[in-house]
Amino acid sequence: MRERTSKRTPPDPGRGPSTPDLDHIARAVVACDRCPRLRRYCQEIAAAKRRAYRDWTYWGRPVPGFGDPRAQIWIVGLAPAAHGANRTGRMFTGDSSGDWLYRALHGAGFAALATSESRDDGQQLRDVYIGAVARCAPPGNKPTRDEIARCAPYLAQELAALPHLRVILPLGSIAFDAVLRLLAADGATVPRPRPRFAHLARYELCGGKRPYSVLASYHPSRQNTQTGRLTRSMFDAVFQAARELLAEGP
């Protein structure tokens, strides 16, 4: 039987510093109630559970970012999975997408473990931080435009709180579009014609607070991995490319 996760009290968001750091952002995310539809859905899933996880105490709250505060790579996913991060409370933890992601991160030297099963499993990331467009699990894995917009400030705050960031890696077209909007709002000049999403597409965006390399990837969802649209070698190539970008220097 899988070990049951421990109950934890949500952190108090407090007022925090004028320039939010990652801990303050995480507390604010966990306490967020901006999207009533998503909060109801996450709580319903946490109460009903899935039979395979009936001994778990589901997280059932918005999921904060996770990773190295000195990260040079920022991975931006779509949203927590209903029985993945909504259960475990950590990004890409406890579902098949996370299995793909952490295996690839470990293989490229960015993660201490090749799997991520719970907040207490000892996983640590090196040079990588993971966020998401939406912080609550949405029905059908489809947050609405309004829900994405209400969650966007958390991405902006994470961007500001990662001073060593050089590579942004959006997983999927929705995350890619969100990253472009975010960087444009941060002062970066988005090229014309507008960059198009494609696996392993790379764009250099300058003119904001600092230059960034945006490296796009298919999302490691079952829809992509089980159909062969995304293979292990294709996904590994993304993190090899990210490693090469870091090696190029500022």
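Numbering (this note's numbering), first residue to last: 134 to 383. Don't be surprised by glycine CBs; every beta carbon is placed ideally from N, CA and C. In this text, all values refer to a predicted model and were calculated from it rather than measured experimentally.
Backbone secondary structure at Trp207 - three-state DSSP: Reading the sequence shown from its first residue, position 74 is the one you call residue 207. DSSP places Trp207 in strand when its eight states are reduced to three.
I'd like to confirm the pairing. Which residues does DSSP put opposite Leu338 in its beta bridges? For the purposes of this step, residue 338 is taken as residue 205 along the sequence shown, with counting starting at 1. Its beta-bridge partners are Tyr345.
Per the contact definition of three or more C-beta pairs closer than 8 Å, is the region 266-274 in contact with the region 172-186? yes
Residue closest to Val162, alpha-carbon to alpha-carbon, out of Gly222, Gln373, Arg252 and Lys275: Residue 162 sits at position 29 when you count from the first residue of the sequence shown. Answer by Cα proximity: Gly222.
Alpha carbon to alpha carbon, how far is Phe309 from Val371? The residue given as residue 309 occupies position 176 in the sequence shown. The residue given as residue 371 occupies position 238 in the sequence shown. Using only the alpha carbons, I get a separation of about 14 Å.
Tell me the DSSP bridge mates of Gly193? Taking the sequence shown and counting its residues from 1, the one referred to as residue 193 is at position 60. DSSP lists no partner for Gly193.
Burial state of Arg135 (16 or more Cβ within 10 Å): Working through the sequence shown from its first residue, we reach residue 135 at position 2. The pLDDT assigned to Arg135 is 39, lower than 50, so where the model puts this residue is not dependable; a value taken from the coordinates is nonetheless given after this. Exposed, since its Cβ has fewer than 16 Cβ neighbours within 10 Å.
Please list, in chain order, all residues of the same chain as Pro195 whose beta carbon is under 7 Å from its beta carbon, the five residues on each side excluded. Here the question's residue 195 lines up with position 62 in the sequence shown. Closer than 7 Å at the Cβ level, and outside the excluded window around Pro195, lie Val162, Val163, Cys165, Arg268 and Cys269.
Relative to the alpha-carbon of Pro296, which residue among Ala185, Ala317, Ala265 and Pro344 has its alpha-carbon at the smallest distance? The residue labelled residue 296 in the question sits at position 163 within the sequence shown. Closest option to Pro296, Cα to Cα, is Pro344.
Below 6 Å CB to CB, which residues in the same chain sit around Phe460 once its five sequence neighbours on both sides are set aside? With the chain represented from 134 up to 383, any question about residue 460 goes unanswered, as that position is not in the structure.
Identify the continuous beta strand (DSSP E) that holds Pro303 and give its terminal residues. In the sequence shown, the residue the question calls residue 303 occupies position 170. Segment Val300 to Pro303, the beta strand (DSSP E) holding Pro303.
Where does the unbroken beta strand (DSSP E) through Tyr262 begin, and where does it stop? Position 129 of the sequence shown, counting from 1, holds the residue named residue 262. From DSSP, the beta strand (DSSP E) with Tyr262 extends over Val261 to Ala265.
Three-way DSSP call (helix, strand, coil) for Ser350 in this model: Within the sequence shown, residue 350 is the residue found at index 217, counting from 1. Correct three-state label for Ser350: strand.
Less than 6 Å between C-beta atoms, sequence neighbours within five positions excluded: which residues of the same chain meet that for Leu155? The sequence position of residue 155 within the sequence shown is 22, counting from 1. Contacts found: Pro202 and Ala294.
Cβ atoms of Arg236 and Pro197: under 9 Å apart, would you say? For the purposes of this step, residue 197 is identified with residue 64 of the sequence shown, where counting begins at 1. For the purposes of this step, residue 236 is identified with residue 103 of the sequence shown, where counting begins at 1. Cβ distance not < 9 Å, so Pro197 and Arg236 don't count as in contact.
Cβ neighbours of Ala311 in the same chain (closer than 8 Å, five flanking residues each side left out): Taking the first residue of the sequence shown as position 1, residue 311 is located at position 178. Once the five neighbours on either side are set aside, the close Cβ partners of Ala311 are Val209, Val266, Ile281, Ala285, Leu288 and Pro303.
Taking the alpha helix (DSSP H) that Thr385 falls in, what are its first and last residues? The structure shown does not extend to residue 385, since the chain is modelled only from 134 through 383, so no value can be given for it.
Is the beta carbon of Asp260 closer than 9 Å to that of Gln205? Numbered from 1 along the sequence shown, position 72 holds the residue referred to as residue 205. Numbered from 1 along the sequence shown, position 127 holds the residue referred to as residue 260. Yes, they are a contact pair.
Looking at Gln290: is its Cβ nearer than 9 Å to the Cβ of Ile158? In the sequence shown, the residue the question calls residue 290 occupies position 157. In the sequence shown, the residue the question calls residue 158 occupies position 25. Contact flag set, yes.
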